[in-house]
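Colleague: Got a structure here, written out as structure tokens. Questions coming.
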Amino acid sequence: MSLIDRYVCWLFVRVTLCSSASLIGLIILIDVAGNFEEFIGYGNHSFEGFIRVAGDYYLARSLVYFDWMSALIALMSAIFVMTWLKQTNEMAAIMAAGVPSSRIMKPLIVASVSVAVLAAANREFLLPRFRDQLARNAQDWRGVQERPLEPKYDAETDILLGGRHTVAAQQQIVNATFQLPDSLPGYGRKLVAKSALYQPPIGNRPGGYLLSEISQPDSLHKLPTLTISGRPVVYSPVDTDWLKTDECFVVSNVTFQQLADGNAWQRYAPTWQLITALRNPSLDYGADLRVIVHQRLLRPWLDVTLLLLGLSVVLSRNNHQSLFVAVGQCLLVVAMYFLLTTVFEWMGSRSYLLTPAQAAWGPLVVLAPITYTVSHRLWD
1 MSLIDRYVCW
11 LFVRVTLCSS
21 ASLIGLIILI
31 DVAGNFEEFI
41 GYGNHSFEGF
51 IRVAGDYYLA
61 RSLVYFDWMS
71 ALIALMSAIF
81 VMTWLKQTNE
91 MAAIMAAGVP
101 SSRIMKPLIV
111 ASVSVAVLAA
121 ANREFLLPRF
131 RDQLARNAQD
141 WRGVQERPLE
151 PKYDAETDIL
161 LGGRHTVAAQ
171 QQIVNATFQL
181 PDSLPGYGRK
191 LVAKSALYQP
201 PIGNRPGGYL
211 LSEISQPDSL
221 HKLPTLTISG
231 RPVVYSPVDT
241 DWLKTDECFV
251 VSNVTFQQLA
261 DGNAWQRYAP
271 TWQLITALRN
281 PSLDYGADLR
291 VIVHQRLLRP
301 WLDVTLLLLG
311 LSVVLSRNNH
321 QSLFVAVGQC
331 LLVVAMYFLL
341 TTVFEWMGSR
351 SYLLTPAQAA
361 WGPLVVLAPI
371 TYTVSHRLWD
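What follows is the structure in structure tokens.
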């Protein structure tokens, strides 16, 4: 790496850090103003407690904000570096030394691609670690408030999982009501219990929901375990030694997050987990999840395409244009880019005009030829 490369990369890093801190900090300040009372309450009305709670809350959300704005930050930083070099006449001095402007673009593009790779790593490795925190808002930061539950079918067993409320901290359903299919006779149509606690798979024991203080059916202690094709679906205390007389265990591959959070869990799940959900026989997701999977795989390529397109459009203008004009053009390009991706996503996941693969690849198919055509100006 030459001296010029190190200088340009270091300038890009400084601008990227300043831009990220400014944009993320602005969002946090605005959000803190609306959640100030909640943070004070969780912090026991002390300054140290407030800082601790707010720090824990916004640590995870800072990663989300970076994921939202990573492409914009990389593009703005690259444009700022090029505009700064021109405004300070450093570009003229470099070109006078026989170094073409295209030589300056190479370290900028490499650094911007590094931001796209960092954003992808953030989505796949960091955000899933904070998924539980991100699923809660400031009003229910500790996950102890009861939230309404929308019933969801287990497509593998045809059992409708429902209840009155959920409590995230305990992964519990309050006043659980599980509706059984006609293919499971003997228990009646419903399992009604005071609570249902989700338990993940452990050893040979499958995952599912432990129902406690069952009120329906009232003759549970006399009923055997229900099976489908020889596979236990509802464990009974009659022949299951780890159950109490008023308990039963409903086998389900629908996790608590997938049940309680609806489709919100998809935003912070890694790609491999989304693919696993598509293959889960208990879940029946439509085209929207398939579009998300394709978009995850193509997101780094779209970020690089946006970078090259934005640089080409902005830097092809007057060499002495104002920095604010360059930023305005950058924002216009980003707005058009997100509008295009949103339209294609809607066509694939909502209107079914396109297949999920077509909806995800559509923006890249449209933008790639345009970017290739206009990006030749970067090397002049």
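Residue 1 is where the sequence shown starts when you use this note's numbering, and the numbers rise one by one after that. Built from N, CA and C at the ideal position, the CB exists for glycine as well. None of these values were measured; they are calculated from a predicted model.
Have a look at CYS9 and ILE27 and give me their C-alpha separation to the nearest angstrom.
Modeller: Cα-Cα distance, rounded: 27 angstroms.
Colleague: Measure the CB-CB distance between LEU226 and LEU211 and report whether it falls below 9 angstroms.
Modeller: In this structure, LEU211 does not lie closer than 9 angstroms to LEU226 by Cβ.
Colleague: LEU211 bridges to which residues according to DSSP?
Modeller: LEU211 is bridged to ALA196 and CYS248.
Colleague: So, at 8 angstroms on beta carbons, what are the nonlocal neighbours of ASP67 in its own chain, with the 5 sequence-adjacent residues on each side left out?
Modeller: Answer for ASP67: ALA119, ASN122, ARG123 and LEU127, listed in chain order.
Colleague: Across which residues does DSSP place PRO232 in a beta bridge pair?
Modeller: For PRO232, which the question treats as bridged, DSSP gives the partners THR227.
Colleague: With distances taken from CA atoms, which of GLY43, VAL144, LEU160 and PHE80 is nearest GLU150?
Modeller: Selected option, being the one with the closest Cα: LEU160.
Colleague: Who does PRO148 pair with in a DSSP beta bridge?
Modeller: BP columns for PRO148 point to HIS165.
Colleague: With a threshold of 6 angstroms on Cβ separation, who are the neighbours of PRO217 within its own chain once the five nearest residues in sequence on each side are excluded?
Modeller: Result list for PRO217: TYR187 and GLY188, in chain order.
Colleague: Identify whether ARG142 lies in helix, strand or coil by the three-state DSSP scheme.
Modeller: Three-state result, ARG142: coil.
Colleague: Skipping 5 residues on each side, what residues in its chain have a beta carbon closer than 8 angstroms to that of THR371?
Modeller: Same-chain partners within the cutoff: THR305, LEU308, LEU309 and SER312.
Colleague: Can you say whether MET76 is buried or exposed, counting buried as having 16 or more other CB atoms within 10 angstroms of its CB?
Modeller: Per the 10 Å Cβ criterion, buried.
Colleague: If you pair each beta-carbon of the region 331 to 348 with each one of the region 276 to 284, do three or more pairs fall below 8 angstroms?
Modeller: As far as the Cβ criterion goes, the region 331 to 348 does not touch the region 276 to 284, which means the pair count is below three.
Colleague: What are the start and end residues of the alpha helix (DSSP H) that includes ILE370?
Modeller: Per DSSP, ILE370 belongs to the alpha helix (DSSP H) from 356 to 374.
Colleague: Which residues does DSSP list as the beta-bridge partners of ASP241?
Modeller: ASP241 pairs with nothing; no bridge assigned.
Colleague: So, are the CB atoms of LEU298 and ALA260 less than 9 angstroms apart?
Modeller: No, Cβ-Cβ distance for LEU298 and ALA260 is not below 9 angstroms.
Colleague: Do ALA116 and ASP303 have their C-beta atoms within less than 9 angstroms of each other?
Modeller: Yes, these two residues count as a Cβ contact at 9 angstroms.
Colleague: Measuring CB atoms only, is the region 253 to 273 touching the region 223 to 240, in the sense that at least three cross pairs come out at less than 8 angstroms?
Modeller: The region 253 to 273 is not in contact with the region 223 to 240.
Colleague: Which word fits GLN139, buried or exposed, when buried means at least 16 other C-beta atoms lie within 10 angstroms of its C-beta?
Modeller: Its Cβ having fewer than 16 others within 10 Å, GLN139 is exposed.
Colleague: Cα separation between THR83 and ALA21?
Modeller: Distance between the alpha carbons of THR83 and ALA21: 21 angstroms.
Colleague: Does the Cβ-Cβ distance between ALA176 and PRO281 come in under 9 angstroms?
Modeller: Not closer than 9 angstroms, so no.
Colleague: So, for TYR65: in the same chain, excluding its five sequence neighbours on each side, which residues have a beta-carbon less than 6 angstroms away from its beta-carbon?
Modeller: Once the five neighbours on either side are set aside, the close Cβ partners of TYR65 are ILE24 and ILE27.
Colleague: Indicate the three-state DSSP secondary structure (helix, strand or coil) for ASN35 in the structure shown.
Modeller: Helix, per DSSP.
Colleague: How would you label ALA193, buried or exposed, when you count the other beta carbons within 10 angstroms and need 16 or more for buried?
Modeller: With 16 or more Cβ atoms within 10 Å of its Cβ, ALA193 is classed as buried.
Colleague: Which residue marks the beginning of the alpha helix (DSSP H) containing VAL254, and which one marks its end?
Modeller: Counting along the chain, VAL254 falls outside any alpha helix (DSSP H), and DSSP gives it neither H nor E.
Colleague: Which stretch, first to last residue, makes up the beta strand (DSSP E) that contains ALA155?
Modeller: Segment: none, ALA155 is in no beta strand (DSSP E) and carries neither H nor E.
Colleague: For ASN44, which three-state DSSP category applies?
Modeller: Reduced to three states, the DSSP call for ASN44 is coil.
Colleague: By DSSP's criteria, THR177 is part of a beta bridge. Which residues make up the other side?
Modeller: Note: THR177 sits in a beta bridge opposite VAL192.
Colleague: If we count Cβ pairs, one from each stretch, closer than 8 angstroms, do we get three or more for the region 350 to 369 versus the region 284 to 295?
Modeller: Enough Cβ pairs lie closer than 8 angstroms, so yes.
Colleague: With C-beta atoms as the reference, is TYR7 less than 9 angstroms away from PHE130?
Modeller: In this structure, PHE130 does not lie closer than 9 angstroms to TYR7 by Cβ.
Colleague: Quick one: is ARG296 buried, meaning 16 or more other Cβ sit within 10 Å of its Cβ, or exposed?
Modeller: Classification of ARG296: buried, given that the 10 Å Cβ count is 16 or more.
Colleague: Answer with buried or exposed for TRP242, where buried requires no fewer than 16 other C-beta atoms within 10 angstroms of its C-beta.
Modeller: Flag for TRP242 reads exposed.
Colleague: Along the chain, where does the alpha helix (DSSP H) containing VAL99 start, and where does it finish?
Modeller: Unbroken run through VAL99: none, as it is neither H nor E.
Colleague: From LEU180, MET95, GLN172 and ALA54, pick the residue whose C-alpha is nearest to that of GLN145; which is it?
Modeller: Nearest C-alpha to GLN145: GLN172.
Colleague: Can you tell me which of MET91, SER219, VAL251 and ILE79 puts its alpha carbon nearest to the alpha carbon of TYR198?
Modeller: For TYR198, the nearest C-alpha among the options comes from VAL251.
Colleague: Identify every residue that forms a DSSP beta bridge with GLN172.
Modeller: The partner list for GLN172 (beta bridge, DSSP) reads VAL167 and LEU197.
Colleague: Would you report the Cα separation of LEU3 and ILE94, rounded to the nearest angstrom?
Modeller: Distance between the alpha carbons of LEU3 and ILE94: 12 angstroms.
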